[in-house]
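Those letters in the sequence shown? Residues -2 to 401, by the numbering used here.
Even for Gly, the Cβ is constructed at its ideal location relative to N, Cα and C.
Note that the structure is predicted; figures quoted are calculated from it, not measured.
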Amino acid sequence: MPAPATKPQWDKLRALLKPDKLPLGLTAVLQHVLKQLHEAAPQMAAGIFLLDEEKRSIQAQVSELFQRGIQEGRGALPEVLRTSAPVTILELPAVEGESVAMQSQIMVSLQASPRVRGALILRSPGKNAFTAADGEALSRIAQKIQTAIENAMIHEKMLQEAGGEAERDLVMAQEIMARLVPRKAPEITGVQVANINVPAKIVGGDFLDYINLRDNHYGFLVADAAGNGIPSALLMTGFRALFRGLIQNEFNIRSVFRRVNEQLVESTASHQFVSAFYAALDVTTRRLIYVNGGHVPPLLYRPDQPPRALEVGGPVLGILPGTSYHEDSVVVKPNDILVLYSDGLSEAESPDGLIFDSHHILRVVENHEKKSAEEICQALLEEVQKFSGAQHADDLTICVLKFL
-2 MPAPATKPQW DKLRALLKPD KLPLGLTAVL QHVLKQLHEA APQMAAGIFL
48 LDEEKRSIQA QVSELFQRGI QEGRGALPEV LRTSAPVTIL ELPAVEGESV
98 AMQSQIMVSL QASPRVRGAL ILRSPGKNAF TAADGEALSR IAQKIQTAIE
148 NAMIHEKMLQ EAGGEAERDL VMAQEIMARL VPRKAPEITG VQVANINVPA
198 KIVGGDFLDY INLRDNHYGF LVADAAGNGI PSALLMTGFR ALFRGLIQNE
248 FNIRSVFRRV NEQLVESTAS HQFVSAFYAA LDVTTRRLIY VNGGHVPPLL
298 YRPDQPPRAL EVGGPVLGIL PGTSYHEDSV VVKPNDILVL YSDGLSEAES
348 PDGLIFDSHH ILRVVENHEK KSAEEICQAL LEEVQKFSGA QHADDLTICV
398 LKFL
């Protein structure tokens, strides 16, 4: 009996699912994924199921073996559509008359968008064919599939709604980036959090994310993808999925940055890269551990001490293979204010060619230190718009954390 797919086969599949190898249409994406799954593990039955909770519809693409199993009486809809379990491994009961007896099954959940979720499901003719290691490998692959599905859904929606080709490209990029902006700031004991994102006319790659980690830890990520338009937006979508998948399973931030860098070097064009700053806050100890990957340094304003730029880390991600990153930490105190931002703030120009640099940012924070995080965020936006004449050549992202 054929052996289940080995780790090199999963590695081959992950390589075949690089962003530049994936089509944009949703059906084409699902068909492409199934084709590559068949190449990696031809003895297995494979299916991808998507449940649109808003439309109350299910979309599926299944392999020939999977379809044959359905016709011969084996169920099609995986339980993972009705559970939050990320990976489920189980042994299958026998089905009388099944031409290829499938005895093992692994289901990996997909979350393509807030309203569309689903599952990647594989069935094997071998007993105990899947292990926890297979689950981990397929979870990493599922991150790529999720990104491809999300991009395909946006692509199809924009083609339906937009006009000419240039307008379609612009609207599509705007939609992709808008979906990455957090809908609301997290509620954290002892911390006020506020953010503002103002996209440029030519869509860039600014990105902000809040990550709820285990054990009373919260992550704050601000990043900027090189370039603009659809390539930049798609790069940031892939970066987000990759970073989130790694950071939620590993607390070593340096290691995550190193692994993300290697993935981007391997899978992106030479002119594509991402600058990123990430900090993890332990709410109990109030220690903030961070790594800065070539991003404009966030500023920590302290009423009773000199301000501090959080710049320890390494270069941008996606350019240099084998790069090591360093981390630093700081214990935050009541009334400390941390400002994370993109270069759309710190490099904004006045009509006279002056730059809204860190001195301007700190002056605004100092003048509003008694205000809430939301008010400080708004004050920074108003001041930079006044400074630059309200016209920005770049995206503008600001996140303010005020510690109580």
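Name, in chain order, the residues that DSSP records as bridge partners for Ile358. Paired residues: none, contrary to the question.
Pairing CB atoms from the stretch 313 to 330 with CB atoms from the stretch 374 to 388, are three or more of them under 8 Å? no
Strand pairing of Lys399, partner residues [DSSP]: Gln189, Ile334
Decide if Val77 is buried, meaning its Cβ has at least 16 other Cβ atoms within 10 Å, or exposed. Confidence at Val77 is low in this model, with a pLDDT of 49, below 50, so its placement is unreliable and the value that follows should be read with caution. Per the 10 Å Cβ criterion, buried.
May I ask you to report which of helix, strand or coil DSSP gives Val77? Summary for Val77: the model assigns pLDDT 49, below 50, so the residue's position carries little reliability, and this model does not support an answer.
Starting from the Cα of His214, find the closest Cα among Ala220, Gln189, Arg237, Gln245 and give me that residue. Gln245
Could you check which residue in Val188, Ala82, Asn148, Val59 has the C-alpha nearest to that of Thr409? The requested residue 409 is not part of the displayed model; the chain covers only -2 to 401.
Between His357 and Gln108, what straight-line distance do the alpha-carbon atoms span, to the nearest angstrom? 41 Å
Considering only their Cβ atoms, is the gap separating Gly22 from Ala129 smaller than 8 Å? no
Would you give the residue range spanned by the beta strand (DSSP E) that Glu308 belongs to? Looking at the DSSP string, Glu308 is not in any beta strand (DSSP E), and its letter there is neither H nor E.
Can you look up Ser326 in the DSSP assignment and give me helix, strand or coil? strand
Is the number of C-beta pairs between the stretch 291 to 311 and the stretch 327 to 342 that are closer than 8 Å three or more? yes
Would you mind giving the Cβ-Cβ distance between Val293 and Asp340, rounded to the nearest angstrom? I have them listed as a contact below 8 Å. 5 Å
8 Å Cβ cutoff met for Leu232 and Gly202: yes
Which one of Pro83, Gln28, Gln33, Asp131 has the shortest CA to CA distance from Ala57? Gln28
Out of curiosity, what's the CA-to-CA distance linking Tyr287 and Ala116? 34 Å
Bridge partners - Leu218, DSSP secondary structure assignment: Asp206, Tyr275
Whole-angstrom Cβ separation of Ala38 and Leu62, contact assumed at under 8 Å? The pair is not a contact, with the Cβ atoms about 10 Å apart (cut-off 8 Å).
Bridge partner(s) assigned by DSSP for Gly224: None; Gly224 has no bridge partner.
Between which two residues does the alpha helix (DSSP H) holding Val253 run? 250 to 264
Determine the contact status of Leu314 and Val253, defining contact as a CB-CB distance below 8 Å. no
Between the beta-carbon of Val30 and the beta-carbon of Ile142, is there less than 8 Å? yes
Only counting the same chain, and skipping five residues up and downstream in sequence, which positions put a Cβ closer than 6 Å to that of Gln375? none
If the criterion is Cβ atoms closer than 8 Å, does the pair Val219 and Leu34 meet it? no
Put Gln33 into one of helix, strand or coil per three-state DSSP. helix
Do Leu335 and Val361 have their C-beta atoms closer together than 8 Å? no
Taking the C-alpha atoms as reference points, what is the distance between Val84 and Leu47? 16 Å
Buried or exposed by the 16-neighbour rule on C-beta atoms within 10 Å, applied to Glu380: buried
I'd like to check one pair, Ile86 with Gly132: are the Cβ atoms closer than 8 Å? yes
Give me the Cβ distance between Pro295 and Leu307, rounded to the nearest whole Å; I'm assuming they're in contact under 8 Å. 5 Å
Helix, strand or coil: which one does DSSP assign to Ser229? helix
Out of Ser121, Ile45, Ile193, Thr186, which has the shortest C-alpha to C-alpha gap to Ile146? Ile45
With a CB to CB cut of under 8 Å and the five nearest residues on each side skipped, what residues in its chain are close to Val97? Ala42, Leu62, Arg65, Gly66, Pro122
Express the C-alpha separation of Gly216 and Phe248 in angstroms, rounding to a whole number. 10 Å
Grouping DSSP H, G and I as helix and E and B as strand, with all else coil, what is Asp49? strand
Where Ser385 falls: helix, strand or coil (DSSP): helix
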